[in-house]
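Trainee: In full-length UniProt numbering, the protein residues as written are 1 to 876.
C-beta: ideal position from N, C-alpha, C; glycine also.
Small disclaimer: the values here were computed from a predicted structure and weren't measured.
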Amino acid sequence: MVKSKKAALKLARTSGRKKTREVANNPFEIHTNKRKHDILGRKLKHDKGLPGISRSKAIKKRQKTLLVEHKQKNKANMFIDRRFGEYDEKMSLEEKMLKRFTMEKKHHHERHGKYRLEDEELTHLGQSLGEIDKFEDVQLSDDEDDVMDKTEEADDVRELHFGGFLTKKRTDDEQISGKHKSKKEIMEEVVAKAKIKKHERQMAKEETVTLTDKLDQDWKNKRNLISLKAPNTEEAVSKVDDYDIAVRQLAFEIKGKATDRLKSEQEIAKEEQKRLEKLELERQRRMRGLPAVAEKPKHISADDLGDSFTPALNERVMLSYQDGPVSDMEDHEEEDQIRSDAENSDEESEVDGGEEEEEEGDNSAAGDDNNDDDEEEAEDQDSESCQEDNGSDLESDVSNDAMEDEADSEILGNQQQQQEKVQKEKTEAEVVELTKEELPFTFKAPKSFPEFKELIKGWSFKQQLTIIDRIKACHNPKITPANKPKMEVLFTTLLDYVGELIQMGSEGLKMIDELSRHLFDVAQYSPVHSAKCMQQIVQDIHKKFSQNCDRQGGKGMFLGLSELLYLRVVSMLFSTSDFRHAVCTPTMVLLSQVLCQCPVRCIRDVLRGLFVCDLFHEFVSLSKRFVPEVVNFLCGILFMASKKEGPTPQLVLPFKHCSKWRDLLKLQSDSSFLTVKPLPLTTLGESTADEKTTDETRVNSVHHCLSVLQKFVDLYQDLPASFEIFAPVKEHLQRIPLDLYPASVQEIHSVLLTRLNGLYAKSLNRKHLTLQARKPEPIKTYEPKFEEHYEVRSRRGTGNKATNEKQKLRYKYKREFKGAIREIRKDNQFLAKQKLKEQLERDTERLRKVKEIEHMLSNQQAETNAMNRKKRKRGK
């Protein structure tokens, strides 16, 4: 009964709690999770959820943790309690204190016992030190003799000096006999004992060594009997390994020494500029007759006797008499040099002149001193001669003759020096003249074409190229960016110079080829400017061509020699393989218009058209673009040289069947004996004349046409429609009367026909465009997979244990990963709300303070206005 009552009370309490809990929960806040399959009898833990309650719990938890961290962020004056378990709510106070005490004791024990040695037992020679009471018999030295001697001495000292102290008294001979020994006897006895013991030790040691040697010898004799392998008495011949040889060769190989680093383009340009400036300075000095600038002497130490050591030379100068005292020839040469310098050059400073005058004064003073010394020496000699004997008359005659010979030799020496001086002046004058004719090494960058013309005036064309090269070196933009505008002006100047050279004939055309290299180098300094300049030239040529077409009803005229050469410069300066280029693309359009719209009326038009075809080949040689205008023009040229019998193949404008110029290139007589010569560029600029239209010119034109055609056949042979492109060409080739042409033309004609026949054979292997010959493969489909024994419940645990554990860990990992991402998002949302709340609070507080300040200021202004009104009333 008691148990039933207690159970009833317990049931009532729990039911009351459930009722109150159910009443507390809002039914609209309960979230029910849907299930795919309802199974009777199965209870799920998470079939219902309370998102509102869980959300409030999460917010409270974040307020205790995340909000606190957010408020303490970027603050260093906060006190943080880092004691163990301080923030663990699951641990009680007693557990925290006990754990802290345990950790402190453990930490103290680990640090305190780090250097304790009581736990280890110290030993020496296999014996514990703790078991030894006295250290008398312990041998602490490796030398046994020293140990024994020291032990005996210690015993004697202990017995004689201290009486043994705590040790027992030994029964010696003197105690037995009862006699007392003297000190001398005792010492003799001690020495004798020591010698005996030492001898015994030596004998024992020798015996030990003898036994050891004997044992070693016996072991050597018996070791061969014990070993399994027979002794190898023959020494193996060491073979030289190739690897060792290679290693030694690499070790003794001469290693490459370090070299100077590669210089940048800017450094190279600066060095070239300095070199030219130095050469120009030397040229200017030579032109003015000044001596060359001597290099500064290098410092030589007092004990330096190396390669730079040279003994002092005897540079004595002969003296001469010139209407007065003895003078030095060097002084006069220096004076003459100074006078010539002053007359020839006005650029020397007054300071230099003053220094030279000082040097002259020093030299003249030195000359006077020398004269005085000579006079004193002469007087001394006279006095000495007076003191001596007079001698005979013969001696005086001999001395007079010697003096006359010396005077004659001095006169001859003076004449020779004067001749050398005159010769030197002549050579200096010749050097000055040659230097004036020498080309300067530095030039100013021209600012216009007339200035450039003035700069190159009087110089040969080779020297003009050198001038342009030195202008580029002295004003290279890599030295300083300020030189870039100078190079742009130089580029436009060179373009104008090209136009002037074109008017000079064949010599000017040769000069253009050499000038193109410098034109290309200058264009690289400013590519944008050079492109704009050439673009403007192309536009001007196209404008002129369009105006001619408009005047002649759509029929244009072939470009002149100057225009064609400018277009040739375009192909040399810019990239022709680009798909679209700012300069090359308009140029190609212009050339195609020339070939399409210009009718051929004379032999000059033929040559200009062939030159345009050559230009087109240069433009498309890399990109291999198809240019139908070129093929059409070459077909027309062959039509003019072919027979007109029978039906002629179709022609495209500007060529016509009924044109009066259709037989322009048809030979009038047999020309097989002629030799084909290359056509000069000057023929493009010559005026049309009847005498120029000869069979020789026709043969050269046809030969050039065939060579250009062969280039384009090689270029387009890989195109799928190559045979169709050159089919009209083949028909015109077959109509040319080869028996009238030289052998070289016949040879190139046969080669071309062979190539075109090869294109026909190649075209036979082509296949027509067709639809798919086979049916498309259907998408692979599989039969549906049926399971005879299908179960609704999961089959995740049907594999082995390792696979199940792996799947379980993967499932847990995914679930935890998703949960972590979800929590991080919620944390970010919480922090964003908190930051927004703080910002709103700061804004509200700021607005309140602003209003308060405005209110205070308005009150203050009102008081001020009231006081002013009172003052005005009192004033009235």
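For residue 48, list the residues DSSP reports as bridge partners.
Mentor: Per DSSP, 32.
Trainee: Quick test of the definition: if touching needs 3 or more C-beta pairs under 8 Å, does the segment 773-785 touch the segment 734-743?
Mentor: Short answer: they don't touch.
Trainee: What are the uninterrupted segments assigned as alpha helix (DSSP H) that are 4 or more residues long and contained completely in the segment 718-800, given in chain order?
Mentor: Entirely contained in the segment 718-800, the alpha helix (DSSP H) runs reaching 4 residues are, in chain order, 722-734 and 743-763.
Trainee: Is residue 684 closer than 8 Å to residue 601 when the C-beta atoms are compared?
Mentor: No; because the gap between Cβ atoms is not below 8 Å, this pair is not in contact.
Trainee: Can you round the beta-carbon distance between residue 491 and residue 529 to whole angstroms, since I take them to be within the 8 Å contact cut?
Mentor: The Cβ separation is near 7 Å, so the contact holds.
Trainee: Can at least three beta-carbon pairs, one atom from the segment 496-510 and one from the segment 480-487, be found at a separation below 8 Å?
Mentor: No: the two stretches stay apart, fewer than three of their Cβ pairs being nearer than 8 Å.
Trainee: Tell me whether residue 819 is buried or exposed, calling it buried when 16 or more other Cβ atoms sit within 10 Å of its Cβ.
Mentor: It counts as exposed.
Trainee: For residue 715, I'd like the list of residues in its chain whose CB is within less than 8 Å of its CB, leaving aside the five on either flank, ordered along the chain.
Mentor: The answer, listed in chain order, is 617, 620, 621 and 624.
Trainee: Does DSSP classify residue 26 as helix, strand or coil?
Mentor: The answer is coil: DSSP assigns residue 26 none of H, G, I, E or B.
Trainee: Secondary structure at residue 90, three-state DSSP: helix, strand or coil?
Mentor: Residue state, collapsed to three classes: coil.
Trainee: Quick one: what's got a C-beta closer than 8 Å to residue 663's C-beta in the same chain, skipping five residues either side?
Mentor: Once the five neighbours on either side are set aside, the close Cβ partners of residue 663 are 640 and 644.
Trainee: With distances taken Cα to Cα, identify the nearest neighbour of residue 442 among 471, 548 and 459.
Mentor: Ranking 471, 548 and 459 by Cα distance to residue 442 puts 471 first.
Trainee: Run the CB neighbour count on residue 760, radius 10 Å, all protein chains shown included, and call it buried at 16 or more, exposed below.
Mentor: Flag for residue 760 reads exposed.
Trainee: Could you tell me if residue 611 is buried or exposed, where buried requires 16 or more neighbouring beta carbons within 10 angstroms of its beta carbon?
Mentor: Result: buried.
Trainee: Return the chain-ordered list of same chain residues with a C-beta closer than 6 Å to the C-beta of residue 693, the five sequence neighbours on each side being excluded.
Mentor: Cβ within range, chain order: 603.
Trainee: What is the DSSP secondary structure of residue 534, reduced to helix, strand or coil?
Mentor: DSSP places residue 534 in helix when its eight states are reduced to three.
Trainee: Is it true that the CB of residue 752 sits closer than 8 Å to the CB of residue 679?
Mentor: Contact flag unset, no.
Trainee: Which residue marks the beginning of the alpha helix (DSSP H) containing residue 182, and which one marks its end?
Mentor: Looking at the DSSP string, residue 182 is not in any alpha helix (DSSP H), and its letter there is neither H nor E.
Trainee: Quick check: the segment 645-655 against the segment 589-601, are at least 3 beta-carbon pairs closer than 8 Å?
Mentor: Yes, the segment 589-601 touches the segment 645-655.
Trainee: Pick from 579, 567 and 550: whose alpha carbon is nearest that of residue 613?
Mentor: Taking only the C-alpha atoms, the option nearest residue 613 is 567.
Trainee: Taking residue 791 as the reference, give the member of 32, 488, 30 and 37 with the closest Cα.
Mentor: When each option's Cα is compared against that of residue 791, the closest is 37.
Trainee: So the alpha helix (DSSP H) residue 700 belongs to, where does it begin and stop?
Mentor: Unbroken alpha helix (DSSP H) run through residue 700: 695-716.
Trainee: Straight-line CA distance for residue 80 to residue 101?
Mentor: Going from the Cα of residue 80 to the Cα of residue 101 covers about 20 Å.
Trainee: Rounded to the nearest angstrom, what separates residue 188 and residue 211 at their Cα positions?
Mentor: For residue 188 and residue 211, the distance between alpha carbons rounds to 34 Å.
Trainee: Along the chain, where does the alpha helix (DSSP H) that runs through residue 76 open and close?
Mentor: First-last for residue 76: undefined, no H or E at that position.
Trainee: Provide the residue span of the alpha helix (DSSP H) that contains residue 640, from first to last.
Mentor: Residue 640 -> alpha helix (DSSP H) spans 628-641.
Trainee: So, at 7 Å on beta carbons, what are the nonlocal neighbours of residue 30 in its own chain, with the 5 sequence-adjacent residues on each side left out?
Mentor: These residues qualify, in order along the chain: 48 and 50.
Trainee: Taking the CB atoms as reference points, tell me whether residue 262 and residue 473 lie closer together than 8 Å.
Mentor: Contact: no.
Trainee: Going by Cα to Cα distance, which pick from 498, 582 and 518 is closest to residue 564?
Mentor: Cα-wise, what sits closest to residue 564 is 498.
Trainee: How about residue 755: is its Cβ closer than 7 Å to a heavy atom in the ligand ATP?
Mentor: Ligands displayed in this structure: none; no statement on the ligand ATP is therefore possible.
Trainee: Residue 882 and residue 756: beta carbons closer than 8 Å?
Mentor: Examination of residue 882 is not possible in this model, given that the chain is present from 1 through 876 alone.
Trainee: In whole angstroms, give me the CA-to-CA distance for residue 857 and residue 863.
Mentor: Those two C-alpha atoms are separated by around 10 Å.
Trainee: Can you list, in chain order, the residues of its chain with a C-beta nearer than 7 Å to that of residue 67? Leave out the 5 residues immediately preceding and following it.
Mentor: For residue 67, where only same-chain residues beyond five positions count, the Cβ hits under 7 Å are 834.
Trainee: Which stretch, first to last residue, makes up the alpha helix (DSSP H) that contains residue 558?
Mentor: Counting along the chain, residue 558 falls outside any alpha helix (DSSP H), and DSSP gives it neither H nor E.
Trainee: For residue 584, which three-state DSSP category applies?
Mentor: Looking at residue 584 - three-state DSSP - the assignment turns out to be helix.
Trainee: Could you round the C-beta distance between residue 642 and residue 732 to whole angstroms and report it? I think they count as a contact, below 8 Å.
Mentor: The pair is a contact, with the Cβ atoms about 5 Å apart (cut-off 8 Å).
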